[in-house]
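Participant:
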Amino acid sequence: VRGPAAEVVADRRDLHAHPETAWTEFRTTARVVQRLRALGYRVRYGREVVREQARMGVPEAAALEAAWERAAAEGADPALLEAMRGGFTGCVGELEGAAGPGPTVALRFDIDALPVTEADAAAGHRPAREGFASRHPGAMHACGHDGHTAMGLGVAAALAAARARMAGRVRLVFQPAEEGTRGAAAMVAAGVLEGVQDLLCVHLGAQSHVSGEVLPGVTGFLATTKLDAEFLGKEAHAGLAPEEGRSALVAAAFAAVGLHALPRHSEGNSRVNVGVLRAGSGRNVVAGQAQLLFELRGETTAVVDYLERQAAAVVAGAAAMYGVEHRLRRAGAAPSASSDPALMALVARVAEATPGVRRVGEPCRAGASDDAATMMAAVQAAGGRATYVIIGSELPSGHHTPRFDIDEAVLPIGVGVLAGTALELLGAHP
Ligand SMILES: [Zn+2]
Ligand SMILES: [Zn+2]
23 VRGPAAEVVA DRRDLHAHPE TAWTEFRTTA RVVQRLRALG YRVRYGREVV REQARMGVPE
83 AAALEAAWER AAAEGADPAL LEAMRGGFTG CVGELEGAAG PGPTVALRFD IDALPVTEAD
143 AAAGHRPARE GFASRHPGAM HACGHDGHTA MGLGVAAALA AARARMAGRV RLVFQPAEEG
203 TRGAAAMVAA GVLEGVQDLL CVHLGAQSHV SGEVLPGVTG FLATTKLDAE FLGKEAHAGL
263 APEEGRSALV AAAFAAVGLH ALPRHSEGNS RVNVGVLRAG SGRNVVAGQA QLLFELRGET
323 TAVVDYLERQ AAAVVAGAAA MYGVEHRLRR AGAAPSASSD PALMALVARV AEATPGVRRV
383 GEPCRAGASD DAATMMAAVQ AAGGRATYVI IGSELPSGHH TPRFDIDEAV LPIGVGVLAG
443 TALELLGAHP
């Protein structure tokens, strides 16, 4: 089988076999840059599209370097890699239409994988059975971003082929570090969305597990903030001199309970979760250090800002109770956002006419958070419009699990709906 649909599937499988987690998408970015260039796009990457200080949740230098060297060993272009060294992944490609002036339409695709160990063939997992399972131990495309990136390349090709009819320009944003809502803010801060009238974002499967179904938008992304707290106490012999110790573990434990008991805000629903508590070194040692990783979510950005202030007080208070030092660091954040009705209507109209689409559903409640909301809110705040399109997909297992897989038959549907909508916005009716 040849043709655009086969190419999107081949790209997805190549990316699936080489998953790269947040801020280490070196090989992935290099491949996207080369493909966009070959299609005639002007491509920016490295520090030009990622502002250093606005990055959140960046891995340790050693982990970044190991991933960078792995990408080099896998044959990624050295010149491209050099610009990304230290975790400056992601890229932006722009193509000017040849039919005169018009709007700037942006499409955003997230490219990162997750720290999940992929299931094997014995578990009946298709990528393993068919030879394209992860070759990177401990990393897996378990959220479908391999499919998103592949669809982005498919859209790039479709728009390049229609360039003569396009009035205005398209900007394709390949975003790193979506997981943990860590990457979008750094791209926004670097100005990648400046001048954008319409922004299209996409996810496979999430709120629709029906292949052939398309949901034109999402309402009520939850705002979220991810925080890392560190407690630094003082080790001591638990029998001989406990009074000389300061237990970071006990402080962190009280903080965990206090965080789950945060007073809520009347303006909207919220969620709190302490997901990780690591502390101590031995049974008979007063614990000298502890880490606590937690997240806050809320219906509005104001609710989460309120929770974040309360959380800071709880962490500081628990540290003070036991006389330990503490540090609190933001590891990720995204605002609330909703799709624009007029843009959703256009997506729905295009989807109705897209081959393979069997049903166009209603906009859905998000019930979760996504880094795309950072970009949607940025475009909307500047007077533009944005939506987040769900391309339905049957799933053998849920997102973020070791047996996750997508129905590859829906990839061309995503390409058709997104490219078709962009072309409508650029006056180049498909
Ligand atoms: Zn995910
Ligand atoms: Zn995702």
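For the record, in the sequence shown the residue sitting at position 46 is 68 according to the working numbering, with numbers rising by one throughout. Even for Gly, the Cβ is constructed at its ideal location relative to N, Cα and C.
With a threshold of 7 Å (Cβ to nearest heavy atom), would G166 be considered close to ligand 2?
Facilitator: For this step, residue 166 is matched to residue 144 along the sequence shown. Of the heavy atoms belonging to ligand 2, at least one sits nearer than 7 Å to the Cβ of G166.
Participant: Taking the beta strand (DSSP E) that R407 belongs to, which residues open and close that run?
Facilitator: Numbered from 1 along the sequence shown, position 385 holds the residue referred to as residue 407. 407-413 is the span of the beta strand (DSSP E), which, as asked, contains R407.
Participant: For the structure I just gave you, are there three or more beta carbon pairs, one from the region 220-235 and one from the region 409-426, closer than 8 Å?
Facilitator: yes
Participant: Between the region 360-378 and the region 295-311, do three or more beta carbon pairs fall short of 8 Å?
Facilitator: no
Participant: Under 6 Å Cβ to Cβ from M188, same chain only, skipping five residues before and after it: list those, please.
Facilitator: For the purposes of this step, residue 188 is taken as the residue at position 166 of the sequence shown. G119, A121, L448, A450, listed in sequence order.
Participant: Is it true that the region 343-359 meets the region 244-256, where meeting means three or more beta-carbon pairs spaced less than 8 Å apart?
Facilitator: yes
Participant: For A359, list the residues DSSP reports as bridge partners.
Facilitator: Position 337 of the sequence shown holds residue 359. Answer is F243.
Participant: Spell out the partners DSSP gives D250 in its beta bridges.
Facilitator: As a working note, residue 250 is residue 228 in the sequence shown. Residue pairing of D250 in beta bridges, as defined by DSSP: L315, R351.
Participant: Applying the criterion that 16 or more other CB atoms from any shown protein chain within 10 Å of the CB defines a buried residue, is Q75 buried or exposed?
Facilitator: The residue you call residue 75 lines up with position 53 of the sequence shown. Burial check for Q75: the Cβ neighbour count within 10 Å stays below 16, so the residue is exposed.
Participant: Less than 8 Å separating the beta-carbons of A245 and P357?
Facilitator: Numbered from its first residue, the sequence shown carries residue 245 at position 223. Numbered from its first residue, the sequence shown carries residue 357 at position 335. Yes, these two residues count as a Cβ contact at 8 Å.
Participant: With a threshold of 16 other CB atoms inside 10 Å of the CB of P434, please say whether the residue is buried or exposed.
Facilitator: Residue numbering aside, residue 434 sits at position 412 when the sequence shown is read from its first letter. Burial call: buried.
Participant: Where does Y67 sit, in a helix, a strand or coil, going by DSSP?
Facilitator: Taking the sequence shown and counting its residues from 1, the one referred to as residue 67 is at position 45. Looking at Y67 - three-state DSSP - the assignment turns out to be strand.
Participant: What does the alpha-carbon distance come out to for the pair G166 and G25?
Facilitator: Position 144 of the sequence shown, counting from 1, holds the residue named residue 166. Position 3 of the sequence shown, counting from 1, holds the residue named residue 25. Cα to Cα, G166 sits roughly 22 Å from G25.
Participant: Cβ of E201 within 7 Å of any heavy atom in ligand 1?
Facilitator: Taking the first residue of the sequence shown as 1, we reach residue 201 at position 179. E201: yes, Cβ under 7 Å from ligand 1.
Participant: Helix, strand or coil for A89? Go by DSSP, reduced to three states.
Facilitator: Along the sequence shown, one-based indexing puts residue 89 at 67. A89: helix per DSSP, three-state reduction.
Participant: Using a Cβ-Cβ cut-off of 8 Å (strictly less than) and excluding sequence neighbours within five positions of S391, which residues of its own chain qualify?
Facilitator: Reading the sequence shown from its first residue, position 369 is the one you call residue 391. Within the same chain, S391 has close Cβ partners T203, F243, L244, A245, T246, R319, A356.
Participant: Could you name the residues that DSSP lists as bridge partners for D220?
Facilitator: In the sequence shown, the residue the question calls residue 220 occupies position 198. According to DSSP, D220 bridges with V127, R407.
Participant: Taking one C-beta from the region 314-334 and one from the region 212-223 each time, how about it: are there three or more such pairs within less than 8 Å?
Facilitator: Not touching, per the Cβ criterion.
Participant: With a CB to CB cut of under 7 Å and the five nearest residues on each side skipped, what residues in its chain are close to G258?
Facilitator: Position 236 of the sequence shown, counted from the start, is the residue given in the question as residue 258. For the sequence presented, residue 258 should be read as Ala rather than Gly. Result list for A258: P264, E266, G267, V308, in chain order.
Participant: When the distance is taken between beta carbons, is A89 closer than 8 Å to F48?
Facilitator: The residue you call residue 48 lines up with position 26 of the sequence shown. The residue you call residue 89 lines up with position 67 of the sequence shown. Result yes, Cβ atoms of F48 and A89 sit closer than 8 Å.
Participant: Expressed to the nearest angstrom, what Euclidean distance is found between the alpha-carbon atoms of G133 and T51?
Facilitator: Along the sequence shown, one-based indexing puts residue 133 at 111. Along the sequence shown, one-based indexing puts residue 51 at 29. The residue you asked about is not Gly; residue 133 is Ile in the sequence shown. About 8 Å.
Participant: Taking only the alpha-carbon atoms, compute the straight-line gap between L334 and V54 and give it to the nearest angstrom.
Facilitator: Locating residue 334 in the sequence shown gives position 312, where the first residue counts as 1. Locating residue 54 in the sequence shown gives position 32, where the first residue counts as 1. Note on residue identity: the sequence assigns Ala, not Leu, to residue 334. The straight-line gap from Cα to Cα measures roughly 40 Å.
Participant: Can you look up G297 in the DSSP assignment and give me helix, strand or coil?
Facilitator: Reading the sequence shown from its first residue, position 275 is the one you call residue 297. Correct three-state label for G297: strand.
Participant: On the three-state DSSP scale, how would you describe T43?
Facilitator: Within the sequence shown, numbered from 1, the residue matching residue 43 stands at position 21. The three-state reading of DSSP puts T43 in strand, counting E and B together.
Participant: Between the Cα of M173 and the Cα atoms of E430, L315, E446, which residue gives the shortest distance?
Facilitator: Your numbering for residue 173 matches position 151 in the sequence shown. Nearest option by C-alpha distance: E430.
Participant: Determine the DSSP secondary structure at A161, reduced to helix, strand or coil.
Facilitator: As a working mapping, residue 161 is identified with position 139 in the sequence shown. A161: coil per DSSP, three-state reduction.
Participant: My parser needs the alpha helix (DSSP H) runs of 4 or more residues fully inside the region 183-235; what are they?
Facilitator: 206-211
Participant: By how many angstroms is the C-alpha of F426 removed from the C-alpha of V23?
Facilitator: Residue 23 sits at position 1 when you count from the first residue of the sequence shown. Residue 426 sits at position 404 when you count from the first residue of the sequence shown. Per-residue confidence for V23 stands at a pLDDT of 49, beneath the threshold of 50, marking its modelled position as unreliable; no derived number is given.
Participant: DSSP three-state call for A180: helix, strand or coil?
Facilitator: Counting from one through the sequence shown, the residue named residue 180 turns up at place 158. It is helical.
Participant: Within the same chain, show all residues whose beta-carbon is closer than 6 Å to that of E104, passing over the 5 residues directly before and after it, in chain order.
Facilitator: As a first step, residue 104 must be located in the sequence shown, where it is residue number 82. Answer for E104: no residue qualifies.
Participant: Tell me the rounded alpha-carbon separation between V294 and L284.
Facilitator: One-based indexing of the sequence shown puts residue 294 at position 272. One-based indexing of the sequence shown puts residue 284 at position 262. Cα-Cα distance, rounded: 8 Å.
Participant: Drop a sphere of 10 angstroms on the beta-carbon of A28, count the other beta-carbons inside from all chains shown, and report buried for 16 or more, exposed for fewer.
Facilitator: Position 6 of the sequence shown holds residue 28. Result: exposed.
Participant: Skipping 5 residues on each side, what residues in its chain have a beta carbon closer than 6 Å to that of R351?
Facilitator: For the purposes of this step, residue 351 is taken as residue 329 along the sequence shown, with counting starting at 1. Counting only Cβ-Cβ distances below 6 Å, and skipping sequence neighbours, we find D250.
Participant: For T323, which of N306, T376, G378, T396 has the nearest alpha-carbon?
Facilitator: As a working note, residue 323 is residue 301 in the sequence shown. Nearest of N306, T376, G378, T396 to T323, Cα basis: T396.
Participant: Would G109 pass as a contact of V71 if the rule is Cβ separation under 8 Å?
Facilitator: Sequence index remark: in the sequence shown, residue 109 carries index 87 (1-based). Sequence index remark: in the sequence shown, residue 71 carries index 49 (1-based). In this structure, V71 does not lie closer than 8 Å to G109 by Cβ.
Participant: Which residues share a DSSP beta bridge with G320?
Facilitator: Working through the sequence shown from its first residue, we reach residue 320 at position 298. Beta-bridge pairing by DSSP links G320 to A245, S292.
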